[in-house]
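Here's the structure we're looking at; comments come further down.
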Amino acid sequence: MTRQLHEIAYVRSGDKGDVCTAGLVAKAPGDYPLLLASVTPEAVKALYGDWVKGEVHCHRMDNIQAVVVVMHGALGGGATKTLRLDQTGKSLGHALLRLSVVE
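One point on numbering: in my numbering, the residue at position 31 of the sequence shown is 20, and numbering is uninterrupted.
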């Protein structure tokens, strides 16, 4: 049975212009290695497809057992330029919780 990220991590996200930033924090210390294995630039790009036009960077934060995901070109040009109905970083951040957990 495949688990999803929401089972092992919390998310907090935001946006500035056309960049979405999401912080994923492991729910338990044992979940942190799974989080690192599951959240990669390739996995994030595959999840969003054409919605994320730019680069994706995943930054480890070992001191708090978290990963910060920065997605460039992810908001359809930004809140005042996009035709998307729900383009904010909050929506994209919560969608990350649908990633499959790599075990």
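All residues carry an ideal CB built from backbone N, CA and C; glycine is no exception.
Problem set entry | Collapsed DSSP secondary structure at residue 56 in the structure displayed | Looking at residue 56 - three-state DSSP - the assignment turns out to be strand.
For this session: Helix, strand or coil for residue 120, going by three-state DSSP, please let me know.
Result: Only positions -10 to 92 of the chain appear in the structure, and residue 120 is not among them; the question remains open.
Problem set entry | Cα-Cα separation, residue -7 to residue 77 | Using only the alpha carbons, I get a separation of about 22 Å.
For this session: Could you give the DSSP three-state label for residue 14: helix, strand or coil?
Result: Correct three-state label for residue 14: strand.
For this session: Hey, could you find the ends of the beta strand (DSSP E) residue 46 is sitting in?
Result: DSSP places residue 46 in the uninterrupted beta strand (DSSP E) bounded by 45 to 50.
Exercise. What residues in its chain sit with their C-beta under 8 Å from that of residue 84, if we drop five residues either side in the sequence?
Worked result: The beta carbon of residue 84 sits closer than 8 Å to those of 36 and 37, all from its chain and outside the five residues before and after it, given in chain order.
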